[in-house]
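Engineer: Take this structure first; my questions come after.
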Amino acid sequence: MLRIKFAPLKTPLERRLQTLAAACWFVTLAFGGTLCLAAVLYLTFYTRLWWLTLLYGAFIFYDRDVCNKGGRSSDWVRRWAWWSYLRDYFPLKLVKTADLDASRNYLFCAFPHGMLSTGAFGSFATEALGFAELFPGLRPHLVTLAGHFLLPVTRELALSCGSCSSSAESMGYLLSRPGGGHATVLIVGGAAESFYCRPGSYRIILRRRKGFIKLALKHGTPLVPVVSFGETDLYDQVSNPEGSWLRWVQDQFRKVFGIAPIIPIGRGFFQYSFGFIPRRCPVFTVVGRPMEVEKIPDPSRQQVDEVHQRFTDHLLAFFEAEKHKYVKEPDKTLLEIE
Numbered sequence: 001m002l003r004i005k006f007a008p009l010k011t012p013l014e015r016r017l018q019t020l021a022a023a024c025w026f027v028t029l030a031f032g033g034t035l036c037l038a039a040v041l042y043l044t045f046y047t048r049l050w051w052l053t054l055l056y057g058a059f060i061f062y063d064r065d066v067c068n069k070g071g072r073s074s075d076w077v078r079r080w081a082w083w084s085y086l087r088d089y090f091p092l093k094l095v096k097t098a099d100l101d102a103s104r105n106y107l108f109c110a111f112p113h114g115m116l117s118t119g120a121f122g123s124f125a126t127e128a129l130g131f132a133e134l135f136p137g138l139r140p141h142l143v144t145l146a147g148h149f150l151l152p153v154t155r156e157l158a159l160s161c162g163s164c165s166s167s168a169e170s171m172g173y174l175l176s177r178p179g180g181g182h183a184t185v186l187i188v189g190g191a192a193e194s195f196y197c198r199p200g201s202y203r204i205i206l207r208r209r210k211g212f213i214k215l216a217l218k219h220g221t222p223l224v225p226v227v228s229f230g231e232t233d234l235y236d237q238v239s240n241p242e243g244s245w246l247r248w249v250q251d252q253f254r255k256v257f258g259i260a261p262i263i264p265i266g267r268g269f270f271q272y273s274f275g276f277i278p279r280r281c282p283v284f285t286v287v288g289r290p291m292e293v294e295k296i297p298d299p300s301r302q303q304v305d306e307v308h309q310r311f312t313d314h315l316l317a318f319f320e321a322e323k324h325k326y327v328k329e330p331d332k333t334l335l336e337i338e
């Protein structure tokens, strides 16, 4: 028999607002683009505001390349008070382990993706965790799929938070900015990594991800390992082992749309047993020491492989050094690399 653990009826308003912020966060990421597109289509075909949506569509077309040219970050949006409720819900914390020279550009390589990359978003797409104070002079750009910047309304939110496209053109633009001061944040495993999201598990996709290494070599950009400890504890998911029909459907959907249709197991507003709201678990996003990369404008496959192996070793050493501070059973927790 299903046992449901209910939340206390007498809960402070502050905690209710935190839960609401986490729920809105999930809905925005999972359905925001689709809902906004549906709203725009409705206004276009069923109201007299069609001219307004056509103007907006023309603006999106005109503005389509901004995600490849550094984006359009807004300090006002990044400092919304609403983000502090999202931060305090888990809570989220950003940890610095080394100083970074603001006169240089960096490529932050973030792991794991988890279900929603909550730690990376809170740390690098908002100022709720104090990125500007920890890394003065650096402006973070959390990169994501270019298709997200074609969806109405949500594209404006993503751009305002400092996000840019994860295309080679976009990342090359950021990594080559004169004067430095840019931190490009790439979640290396991508959406495919979310299939491995299970509480207590740190299984990442890295072996076959080498494009970011080639970009770093072309621009001589230091690689900075970033691990969000606790990211995978926010959700469980419906069983979908490799080879199952559900996993096959999910893989095909991801290949077409770039989004992994995971069926999450979180909590609800008034109970803790199931639902789409992430669980209240602390997430520590730890930024490691940069690994220097020699500038080679046209690197060979062997050079890419050598730097890839060096970064893998650097990441493993960083994970092993930090896990004892943030994981409940560090001796049983390993970074599994696919």
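With the UniProt record's numbering as the guide, the letters of the sequence shown map in order to residues 1 to 338. All C-beta atoms in this analysis are idealised placements derived from N, C-alpha and C, irrespective of residue type, glycine included.
1) Comparing alpha-carbon positions, which option in Tyr173, Glu320 and Arg209 lies nearest Gly190?
2) Hey, how far is the Cα of residue 353 from the Cα of Phe229?
3) Can you give the Cα-Cα distance for Leu76 and Ser123, rounded to whole angstroms?
4) From this set, Phe59, Phe319, Pro241 and Val304, which residue's C-alpha is nearest Arg207's C-alpha?
5) Would you kindly check if the distance between the Cβ of Pro140 and the Cβ of Ala183 is under 8 Å?
6) Please state whether DSSP places Lys295 in a helix, a strand or coil.
7) Considering just the uninterrupted stretch of the alpha helix (DSSP H) at Ser228, what are its terminal residues?
8) Check whether the region 19 to 30 and the region 271 to 279 touch, using three or more Cβ-Cβ pairs below 8 Å as the test.
9) Is the distance from the Cβ of Tyr106 to the Cβ of Thr285 below 8 Å?
10) For the beta strand (DSSP E) containing Thr144, name the first residue and the last one.
11) Would you tell me roughly how many angstroms separate the C-alpha atoms of Ala125 and Trp83, rounded to the nearest one?
12) Alpha carbon to alpha carbon, how far is Glu231 from Ser117? Give it in angstroms, no decimals.
13) How should Pro112 be labelled, buried or exposed, when 16 other C-beta atoms within 10 angstroms of its C-beta is the threshold for buried?
14) Let me know the alpha helix (DSSP H) ranges lying completely inside the region 172 to 237, each 4 residues or longer, listed in chain order.
15) With three or more C-beta pairs closer than 8 Å as the rule, is the region 63 to 78 touching the region 155 to 166?
16) Can you tell me whether Pro318 is buried or exposed, with buried defined as 16 or more other CB within 10 angstroms of its CB?
17) Give the single residue among Tyr89, Val95, Ala7 and Leu175 whose Cα lies nearest to the Cα of Arg104.
Structural biologist: The short version:
1) What you label residue 190 is simply residue 190 of the sequence shown in a count that begins at 1. The candidate whose alpha carbon is nearest that of Gly190 is Arg209.
2) No answer is possible for residue 353: it lies beyond the span of the chain, which begins at 1 and ends at 338.
3) Translated into the one-based positions of the sequence shown, residue 76 becomes position 76. Translated into the one-based positions of the sequence shown, residue 123 becomes position 123. Looking at the sequence shown, residue 76 is not Leu but Trp. The alpha-carbon atoms of Trp76 and Ser123 are separated by roughly 16 Å.
4) Taking the sequence shown and counting its residues from 1, one reaches residue 207 at position 207. Checked all of Phe59, Phe319, Pro241 and Val304; the closest Cα to Arg207 is Val304.
5) Taking the first residue of the sequence shown as 1, we reach residue 183 at position 183. Taking the first residue of the sequence shown as 1, we reach residue 140 at position 140. By the CB criterion at 8 Å, Ala183 and Pro140 fall inside the cutoff.
6) Within the sequence shown, residue 295 is the residue found at index 295, counting from 1. The answer is coil: DSSP assigns Lys295 none of H, G, I, E or B.
7) The residue labelled residue 228 in the question sits at position 228 within the sequence shown. Here Ser228 belongs to no alpha helix (DSSP H); instead the beta strand (DSSP E) covers Leu223 to Phe229.
8) yes
9) By one-based count along the sequence shown, residue 106 stands at place 106. By one-based count along the sequence shown, residue 285 stands at place 285. Going by C-beta atoms, Tyr106 is not nearer than 8 Å to Thr285.
10) Counted from its first residue, the sequence shown places residue 144 at position 144. For Thr144, the enclosing beta strand (DSSP E) has its first and last residue at Arg139 to Thr144.
11) Start at 1 with the first residue of the sequence shown, and residue 125 comes out as number 125. Start at 1 with the first residue of the sequence shown, and residue 83 comes out as number 83. Going by the C-alpha atoms only, they are around 10 Å apart.
12) Taking the sequence shown and counting its residues from 1, the one referred to as residue 117 is at position 117. Taking the sequence shown and counting its residues from 1, the one referred to as residue 231 is at position 231. Rounded to whole angstroms, Ser117 to Glu231 spans 7 Å at the Cα level.
13) As a working mapping, residue 112 is identified with position 112 in the sequence shown. Looking at its Cβ environment, which holds 16 or more other Cβ atoms inside 10 Å, Pro112 is buried.
14) 211 to 219
15) yes
16) What you label residue 318 is simply residue 318 of the sequence shown in a count that begins at 1. Reading off the sequence shown, one finds Phe at residue 318, where the question assumed Pro. It is buried - the Cβ of Phe318 has at least 16 other Cβ atoms within 10 Å.
17) For this step, residue 104 is matched to residue 104 along the sequence shown. Ranking the options by Cα distance to Arg104, first place goes to Leu175.
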